[in-house]
Each structure stands twice: as C-alpha cells, then as structure tokens.
Amino acid sequence: MPEGKGSRYQTTYKDSDGDFLDGNKTYKLNMLDGVPVALFWSVTVYDPWTRCEMQSQPYPTVSSQSDPAPATNPDGSVDIYFAADQPDGVPAENWIKVLPDRGFFVYIRYYGPLNAFNDKTWVPNDVEMLA
Numbered sequence: 042m043p044e045g046k047g048s049r050y051q052t053t054y055k056d057s058d059g060d061f062l063d064g065n066k067t068y069k070l071n072m073l074d075g076v077p078v079a080l081f082w083s084v085t086v087y088d089p090w091t092r093c094e095m096q097s098q099p100y101p102t103v104s105s106q107s108d109p110a111p112a113t114n115p116d117g118s119v120d121i122y123f124a125a126d127q128p129d130g131v132p133a134e135n136w137i138k139v140l141p142d143r144g145f146f147v148y149i150r151y152y153g154p155l156n157a158f159n160d161k162t163w164v165p166n167d168v169e170m171l172a
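Heads up: the sequence shown is residues 42 to 172, going by my numbering.
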C-alpha cells in the first residue's frame, strides 16, 4: 500500500496478560505520541456478540479528531480508558464506557498509515488491565 494512502485496522479481544476484555474491569490503552498516520487514528469499542459498536454511549470512540480532543500526557501520548464507570480523575473525552457483565473488543483504525506502521517499526501498546 502506498505510504499515507488507504487505511489499516487492528483489533484485540485480550489485554496485555492474554485475558479476554471484561466490562466489569477497568483498562487503559496508551496511544503513543506520533502515531504514524497522514490523516488520523481512532479507537472504538465493539460488542463481540453483535460485532456492532457497543451500545454504551452514542459514539464509543476516542480519536485524534475527537471534539473535544482527548487530553494528552506531557509526552504527547493519549491514555484511553475502558470502564463501565468513568474512572476518578479521567476526563470524559479519554473514557469509553463499556457495559458491565459483557465482554468487548477494541478496534484501532489508522487512516493514511505511514511507512513506520506498514513496516512495523512502530507498534501500538497493548490494552492493560488496571483494576
């Protein structure tokens, strides 16, 4: 695929420990600064039973184009949280609501991926369970 054209997708059903994502727990995904895309990236939560967006909020997504924009860390990265209830101290724009007692999966989209993504010299972080 030519650099900066098209889109690429990644998904995960499991956290960094290899356990399935569970709506009763709290998770974090750190999107590193400088995601290698010409356009934008987005992170969306899906229901594994229906394979549709999780019906937990109108748009269960955080994106580099979100309005309002997600809060960034001092290093420019963005922490995205997945939990049934908004974690203390986490801005609403960095939280995707999931449903308790239900699994989910995370879909990351890269629009206009650059060579660092295509040749895998850049790889995203894993989803980490916090509690």
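The beta-carbon is built from N, C-alpha and C at its ideal position, and this holds for glycine as well.
Buried or exposed by the 16-neighbour rule on C-beta atoms within 10 Å, applied to residue i
i: valine 164; result: exposed
i: tryptophan 82; result: buried
i: lysine 46; result: exposed
i: glutamate 130; result: Before going on, a small fix: residue 130 reads as glycine here, not glutamate. With fewer than 16 other Cβ atoms within 10 Å, it is exposed.
i: asparagine 114; result: exposed
i: glycine 117; result: exposed
Residue(s) in a DSSP beta bridge with residue i
i: glycine 144; result: Asp63
i: lysine 55; result: Phe61
i: leucine 73; result: Paired residues: none, contrary to the question.
i: alanine 124; result: Lys138
i: tryptophan 82; result: Tyr151
Backbone CA spacing between residue i and residue j [nearest angstrom]
i: valine 76; j: arginine 143; result: 30 Å
i: phenylalanine 61; j: lysine 55; result: 4 Å
i: proline 89; j: glutamine 96; result: 12 Å
i: leucine 73; j: aspartate 160; result: 17 Å
i: lysine 138; j: glutamine 127; result: 7 Å
i: alanine 124; j: asparagine 71; result: 15 Å
i: glycine 151; j: leucine 80; result: A small correction: the amino acid at residue 151 is tyrosine; glycine does not occupy that position in the sequence shown. One C-alpha to the other measures close to 8 Å.
**Message:** Closer than 8 Å is the cut-off here; do at least three beta carbon pairs connect the segment 48-62 with the segment 103-117?
**Reply:** no
**Request:** Entirely within the segment 85-110 and at least 4 residues each: give me those alpha helix (DSSP H) ranges in chain order.
**Result:** none
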